[in-house]
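Protein chains in written order, with UniProt numbering: chain A, 1 to 132; chain D, 1 to 155; chain Y, 1 to 274.
All residues carry an ideal CB built from backbone N, CA and C; glycine is no exception.
Here the structure comes first, spelled out in structure tokens, and everything after it is commentary.
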């Protein structure tokens, strides 16, 4: 399974990547929406589209909402699951993201279990673990 | 933002609740280990991170700062980045990770404001920051570390 | 932080033997935090409390409380997902088909904790059967504290992050400060009551009983007694939903397993009311 982790914070990318790697994902990171689009195009060209994108909202150059909108414009990228991972937590913001085509929405701060719960909901959790 | 708009965030209980959720979720697997404590007095070697909330149509804003003695900031960063005991905390790690704490705390406080605001990128420094007026201050204890969150109006 | 490494190992060992859950080194603060209320009750520090435990023969109840304190996790929404799919795809359609007239469905959610299960049931029924039938949910737990929280319908951001799809969040919840409030409509469908499963059952008759991951804590005779009592308040042809790894087989013969995916769903056989 492959995931694209998009966040302008290196720390947050590291945290999310750590959790995803722990359940078997290969990770590519991007620091803004434009870098992420480039990574998507490169992956598509290699015939290795991502299964999942974890997307921060507020980023320089191109924000997460714009990234989602642009991805959803590409029919060949429809199989990629898009999940917002952001501190934006007003009801209206979540509605906007889902309306733009995001499949799921995880509010920061989140526990590792919360991220895995979302993966399970999306049918994207390859490895199950039981530990405290 | 007029002074009235700060009421939703300049609330010690709300700030504590947000900070507890941030530490519990990102560091302690959902466990709340962050408690209210005495705010920090002046400390020699301090690390401060802050974010500013502003609106395009207003000269006013709110600054959220998180400060801790350097050793305590390191402890938070080590835990946040799941570092092994031998691993060294680089200056980059400190700036990025401690800045992210301020970012997530500030971002959650921003969501409480009655009107939509914009959050700045975090700034990290080694001297305490200030704004026009201190509108809230919360002292915190996490494991053996001491932190203080301050809210200032800025213009 | 009072707990020594040795005493942490003792607790970790105890928990692992009783629950198969492992506490790796690094979780010392977790143990300290979870055992603090138990230690405070007897005026000790956590380490003193564990030392006291090791010295004497730890009474079973004390050990149970420690394991319970260490293994209690946040409840999640739509836990295990399958029972809710079973509700939509099999249980409710079966009930509607088997009876000519269903005025309303009565559901019991036992050991409901902070309310995620009964509210998840409410969300499922409201969304999948918008034309009816009417339903009401009786939710019970032992603790007044969790019942009060459940009644409030207020959940923290950490709680709504657990297993609740974003589309359900925006449809059924609004923000209140740092928390999220479930809609008044769904809140009105659930009534919360303090109840001990060892006592007489909640007054029925119920069409569906959810009693998930509770029976595992009881010895066989008690389990049998509880299931027998449930039979007396469930309508013939009514359903029982257990936790994923649970079964009535070998416990109570009054129920027949319903093959619905990997869910533990059972249907009450007519004629067995004792």
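Check	Outcome
Quick check on this structure: which residue in 45/Y, 207/Y and 51/Y has the alpha carbon closest to the alpha carbon of residue 11/Y?	51/Y
At a CB-CB cut-off below 9 Å, which residues of chain Y make contact with residue 78/D?	Those do not exist, as residue 78/D stays about 12 Å from chain Y at its closest Cβ, beyond 9 Å.
Between residue 25/D and residue 270/Y, what straight-line distance do the alpha-carbon atoms span, to the nearest angstrom?	48 Å
Within its chain, find whatever has a CB closer than 8 Å to the CB of residue 126/A; leave out the 5 residues flanking it on each side and keep chain order.	1, 23, 24 and 25
Tell me which same chain residues have a C-beta within less than 6 Å of the C-beta of residue 223/Y, skipping the five on either side of it?	215 and 251
Using 7 Å as the threshold, is the C-beta distance between residue 297/Y and residue 28/Y below it?	Missing from the structure shown is residue 297/Y; chain Y here goes from 1 to 274 and no further.
Against chain Y, with Cβ distances strictly below 7 Å, would residue 67/A count as a contact?	no
Any Cβ of chain A within less than 7 Å of the Cβ of residue 151/D?	no
Roughly how many whole angstroms lie between the Cα atoms of residue 48/D and residue 9/D?	20 Å
Residue 99/D and residue 108/A look like a contact to me (Cβ under 8 Å); what is the Cβ gap, rounded to whole Å?	With a Cβ gap of about 14 Å, residue 99/D and residue 108/A do not count as contacting.
Mind listing which residues of the segment 110–121 of chain A have their C-beta closer than 9 Å to chain Y's C-betas, in chain order?	110, 111, 113, 114, 115, 117, 118, 120 and 121
Residue 273/Y to residue 219/Y, Cα distance in whole Å?	Here the model assigns residue 273/Y a pLDDT of 49, short of 50, so the residue's position is not dependable, and the following value carries that caveat. If you take the alpha carbons of residue 273/Y and residue 219/Y, they lie about 22 Å apart.
Run through chain Y and tell me which residues come within less than 7 Å of residue 88/A, C-beta to C-beta.	Residues of chain Y passing the Cβ test: none, with the nearest at roughly 12 Å.
Give the straight-line distance between the Cα atoms of residue 117/A and residue 85/D, rounded to the nearest whole angstrom.	29 Å
Report back the beta-carbon spacing between residue 23/D and residue 152/D to the nearest angstrom; my notes put them in contact at under 8 Å.	The pair is not a contact, with the Cβ atoms about 22 Å apart (cut-off 8 Å).
At a CB distance below 9 Å, what residues from the segment 172–188 of chain Y approach chain D? Give them in sequence order.	175, 177, 178 and 179
Note down, in chain order, each residue of its chain lying with its Cβ closer than 8 Å to the Cβ of residue 336/Y, except the 5 sequence neighbours on either side.	For residue 336/Y there is no data in the structure shown, the boundaries of chain Y being 1 and 274.
Of all Cβ atoms in chain A, is any one closer than 7 Å to the Cβ of residue 104/D?	yes
Ordered along the chain, which non-local residues of its own chain (more than five positions away) have a Cβ less than 7 Å from that of residue 145/D?	68, 72, 75 and 76
Would you please verify whether the beta carbon of residue 10/A is less than 7 Å from any beta carbon of chain D?	yes
Could you check which residue in 20/A, 5/A, 121/A and 76/A has the C-alpha nearest to that of residue 32/A?	5/A
Between the segment 3–37 of chain A and chain D, which residues of the former have CB atoms less than 7 Å from a CB of the latter, in chain order?	9, 10, 11, 12, 14, 15 and 18
In chain order, what residues of the segment 29–44 of chain Y put their CB closer than 7 Å to some CB of chain D?	29, 30 and 33
Give me the Cα-Cα distance between residue 110/Y and residue 169/Y, rounded to the nearest whole angstrom.	24 Å
For residue 157/Y, decide whether its Cβ has a neighbour in chain D, counting only Cβ atoms nearer than 7 Å.	yes
Would residue 22/D count as contacting chain B if we go by Cβ distances under 7 Å?	Here chain B cannot be found, since the structure's protein chains are A, D and Y.
Pair every Cβ in the segment 146–154 of chain Y with every Cβ in the segment 98–114 of chain A, then say whether three or more of these pairs are closer than 8 Å.	no
Express the C-alpha separation of residue 69/A and residue 143/Y in angstroms, rounding to a whole number.	47 Å
For residue 273/Y, decide whether its Cβ has a neighbour in chain D, counting only Cβ atoms nearer than 7 Å.	With a pLDDT of 49 at residue 273/Y, under the threshold of 50, the modelled position of this residue cannot be trusted; read the value that follows with caution. It does not: the Cβ of residue 273/Y has no partner Cβ on chain D nearer than 7 Å.
Alpha carbon to alpha carbon, what distance is there between residue 147/D and residue 91/D?	19 Å
What does the Cβ neighbour count give for residue 267/Y, buried or exposed, with the cut at 16 atoms within 10 Å?	buried
Anything in the segment 199–213 of chain Y with a Cβ closer than 7 Å to a Cβ of chain A? List those residues in chain order, please.	none
Which of the three DSSP states is assigned to residue 264/Y in this structure?	strand
Would residue 30/A and residue 36/A qualify as a contact pair, given that the criterion is a beta-carbon distance under 7 Å?	yes
Suppose the cutoff is 8 Å on Cβ atoms and the five residues either side in sequence are ignored; what does the same chain contact list for residue 59/A look like?	6, 7, 8, 31, 32 and 33
Counting only Cβ pairs nearer than 8 Å, list the residues of chain A close to residue 70/D.	Result: empty, since nearest Cβ-Cβ is about 18 Å, beyond 8 Å.
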